[in-house]
Amino acid sequence: MMPKLARGLTQVLSSSLVRCLSTMVWLLPTKVQPWRMFGTTRLLQDEIQDSGPQEQLTVNLINHLGKKITVPVREGENMLQLVLKHNLNFLGFGICEGTLTCSTCHLILEKEVFQKLGPISEEELDILDLTCGVTATSRLACQLCMTKAMDKQTLWVPMETDTSGSK
Amino acid sequence: MALRGRCGRGGTWVVTQGWRGGASRGSRVLVSQPAGVWPWLSMAPQGWGYWRWAARPRALLLPGAAFPFGFRQLFSTLELAPHICVVGSGPAGFYTAQHLLKHHPQAQVDIYEKQLVPFGLVRFGVAPDHPEVKNVINTFTQTAYSPRCAFRGNVTVGRDVSVSELQEAYHAVVLSYGAEDHRTLGIPGEELPGVISARDFVGWYNGLPENRKKTDITAEALKVLKQSQVQRVWIVGRRGPLQAAFTIKELREMINLPGSQPLLDPTDFSGLEELIKEAPRPRKRLLELLVRTALKPPEAKGADRRAETPRTWGLRFLRSPQKVLASPDGGRVAGIRLDVMRLEGSGENAQAVPTGAVEDVPCGLVLSSVGYKSHPIDPTVPFDPKLGIIPNSEGRVLGAPGLYCSGWVKRGPTGVIATTMNDSFLTGQALLQDLEEGVLPLGPKLGYAIIEPLLKNRGVQPVSFEDWEKLDDEEVAQGQAVGKPREKLVDPQQMLRIIRH
């Protein structure tokens, strides 16, 4: 009885182990897996770090529920790209993907910060004119790039609750 | 014939028929011992233990007060998940689905669509020279890829399946079928050849299948438009510049349109200087641009220049169509009679009132662009014909529990995609709130499992999202051959053939 049990057990364990091994190969470092050497994607963060040492700036984003998220950002980085890169969960943010065709990447800045920013283009003003809940210190994230003036400042992501139309 | 059984010693016995079949006594023979370890784990134990094993509870009992029976049984996750049906796969349908899928971890959402292809007006109603507006399709595609979301195209709700049948199969039904009709001018002569709705025109050059059937166009729309003889386009509105509904973005594009010249009359804006100054910023910028363009002298570089830009467009304010004038033989449109209007009141609520004077404008084509209109989808669904919407409160259809609406059929055909998006999120929110509060039926619903056989019996061939992707690939491939982003497929029969391949 016991020898038979031992034999059966060995059979099962060895076949299971073989099956596990074939999956465990994927746990080895990427460099060792020759079939995965090609096509490893470079992260956007890697690209930015490669371009030389720069001061690490941060910006605070507050969503409509009042939740604050602090994200690291490079100078000159586009704010819409920043939101997408960090996968911040703003539902319906930037739906036209930065082509100045919607108003969903609406951000509200503090007055002092807003005044230090560059001039707003006519095209951005056109869209801001159509934006629900627009304020005197509103900007579109897709047109806004990070500056030192925005370092450690707060940007509000308002929720558009008015569905009566923007006009 | 053999009967198998188990004996107390852990072996298997077989009863065989006796020689000469049945009459003589059969014998019990021990044929095998259980071999190996693996079968022991899942097979029933042998011997007396078998009966104890057979009486085991098969379902996991969990404590929980939410369910009617006082405990929750995990017999099938699919049956317990809320099944929600969305009718219409345009922005309203997809954004509602996106919201539901995001905020409920088990919700199963089925999106039904009348056409073979999804996305509604984003595909059929956006001008080809504005591809960036269609970027939202990427978000919709991500939603459709969710394992809890299913696209069912080529199913006309109201004809192939009724809303009551959907309500039987799903916990909730969201109506997001938009506004597919156009409002008519309601004037004599409207039925003459040469009078068409702007919506049909847009549908024609965007490849809406029903429009192709209506017209005799066999050549591509582009070929036809290239040969266009149109030289002047008048855009007519019954109120004044302070009430114009176009946005500055559109106006700027029209002014800068290559190969055409704006014809604006400065006298349209005389007497409005004060009002312009006091207007809110959007209106003020719009009017300032209009006045600037009206006062700008046309680039008079001689007859050559005018020959190069023969096409012009202009705005006519305070004019309302009274009657379409026919050609002498009565066969086509030859002009339009416009009532001259004046404004009573001011601002957004100003009303246009006829003065009695008329103006005849000769023209070869009249395009009416006076608004879209929804139609009632099903006799059981309440509908307000005057407003052209489904009566609702925050997306909950009045007098019809379990029915919701979002998009143009809820608010009327106004607003941009962002407006529809927020509106759909609000409907989604209301639905999830009802689900949580137990307003919706809690019992298990089978969703598409019930609808699928119904559709099959009725000869309906639903199209899945994978099928749409086959069509998408085909369109892109055909477009690449001619240097376009895509060459739209317009023939439903051809599309079904490609899907079946």
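Residue numbers (full-length UniProt numbering), protein chains in the order written: chain A, 1 to 167; chain B, 1 to 501. A virtual CB, placed ideally from N, CA and C, is assigned to each residue, including glycine.
Asked: Any C-beta of chain A under 8 Å from that of B/Arg285; Found: yes
Asked: Close-in-space but distant-in-sequence residues of the same chain around B/Lys114 (CB under 6 Å, 5 per side omitted); Found: Thr156
Asked: Endpoints, beta strand (DSSP E) assigned at B/Tyr404; Found: Leu403 to Cys405
Asked: Residue interval of the alpha helix (DSSP H) (run including B/Val409); Found: Trp408 to Arg411
Asked: Residues from the segment 111–129 of chain A in contact with chain B, defined by Cβ distance under 9 Å; Found: Glu122, Glu123, Leu125, Asp126, Ile127, Leu128 and Asp129
Asked: C-alpha gap between B/Gly345 and B/Glu250, whole angstroms; Found: 27 Å
Asked: Same chain, Cβ closer than 7 Å to A/Ser51, five either side skipped, listed in chain order; Found: Unreliable placement is indicated for A/Ser51, whose pLDDT of 46 sits below 50; no coordinate value is reported for it.
Asked: Validate contact between the segment 150–170 of chain B and the segment 278–297 of chain B using beta carbons, cut 8 Å, 3 pairs; Found: no
Asked: Beta carbon proximity, A/Glu97 to chain B, threshold 8 Å; Found: yes
Asked: Contacting residues, own chain, Cβ-Cβ under 6 Å from B/Ala92 (five flanking each side not counted); Found: Ser176, Ser406, Gly407, Thr420 and Ser424
Asked: Proximity below 8 Å, CB of B/Ala179 to CB of B/Gly388; Found: yes
Asked: Inter-residue Cα distance where the pair is B/His182 and B/Gln322; Found: 18 Å
Asked: DSSP three-state assignment for B/Lys445, whether helix, strand or coil; Found: coil
Asked: Whole-angstrom distance between B/Leu222 and B/Tyr205, CA atom to CA atom; Found: 8 Å
Asked: Classification of A/Lys148 by the beta-carbon crowding that lies within 10 angstroms, buried from 16 upward; Found: exposed
Asked: The segment 75–103 of chain A: positions lying closer than 7 Å to chain B by Cβ; Found: Leu91, Gly92, Ile95, Cys96, Glu97, Thr99, Thr101, Cys102 and Ser103
Asked: Residue-level contact to chain A via CB, B/Thr247, 8 Å cutoff; Found: yes
Asked: Interface partners of B/Arg281 on chain A, CB under 7 Å; Found: Asp129
Asked: Delimiting residues of the alpha helix (DSSP H) encompassing B/Pro492; Found: Pro492 to Arg500
Asked: Minimum Cβ-Cβ distance from B/Glu288 to chain A less than 8 Å; Found: no
Asked: Contacting positions in the segment 126–138 of chain B - beta carbon closer than 8 Å to chain A; Found: His130, Glu132, Val133, Asn135, Val136 and Asn138
Asked: Backbone CA spacing between B/Leu185 and A/Arg74 [nearest angstrom]; Found: 56 Å
Asked: B/Met254 at chain A interface by Cβ criterion, 8 Å; Found: no
Asked: 9 Å Cβ cut-off: residues of chain A touching B/Lys102; Found: Asn89 and Leu91
Asked: Beta-carbon proximity of B/Ala334 to B/Arg238, cut-off 8 Å; Found: no
Asked: Contact set between B/Met421 and chain A, taken where Cβ atoms lie within less than 8 Å; Found: Gly92, Ile95 and Thr104
Asked: Assumed close pair B/Gln108, B/Ala81 - CB separation to whole angstroms, cut-off 8 Å; Found: 5 Å
Asked: Alpha-carbon to alpha-carbon, B/Gln433 and B/Gly70; Found: Here B/Gly70 scores only 42 on pLDDT, less than 50, and its place in the model should not be relied on; the value that follows carries that caveat. Spanning the two alpha carbons is a distance of roughly 22 Å.
Asked: DSSP beta-bridge partners of A/Asn60; Found: A/Thr70 and A/Thr154
Asked: Residue(s) in a DSSP beta bridge with B/Arg396; Found: B/Ser393 and B/Tyr404
Asked: Extent of the continuous beta strand (DSSP E) to which B/Lys323 belongs; Found: Arg319 to Ala326
Asked: Contacting residues, own chain, Cβ-Cβ under 6 Å from A/Asn60 (five flanking each side not counted); Found: Lys68, Thr70 and Thr154
Asked: Close Cβ partners of B/Arg337 (< 7 Å) along its chain, the five nearest in sequence each way excluded; Found: Gln322, Lys323, Leu325, Val358 and Asp360
Asked: Where A/Gln45 falls: helix, strand or coil (DSSP); Found: Note on A/Gln45: pLDDT 47, under 50, position unreliable in the model; the coordinate value appears next. Looking at A/Gln45 - three-state DSSP - the assignment turns out to be helix.
Asked: C-beta neighbour in chain A for residue 511 of chain B, strict 8 Å; Found: Any question about residue 511 of chain B goes unanswered here, given that chain B covers just 1 to 501.
Asked: Chain A contacts made by the segment 405–436 of chain B, where a contact means CB separation under 8 Å; Found: Arg411, Thr414, Gly415, Val416, Ile417, Ala418, Thr419, Met421, Asn422, Asp423, Phe425 and Leu426
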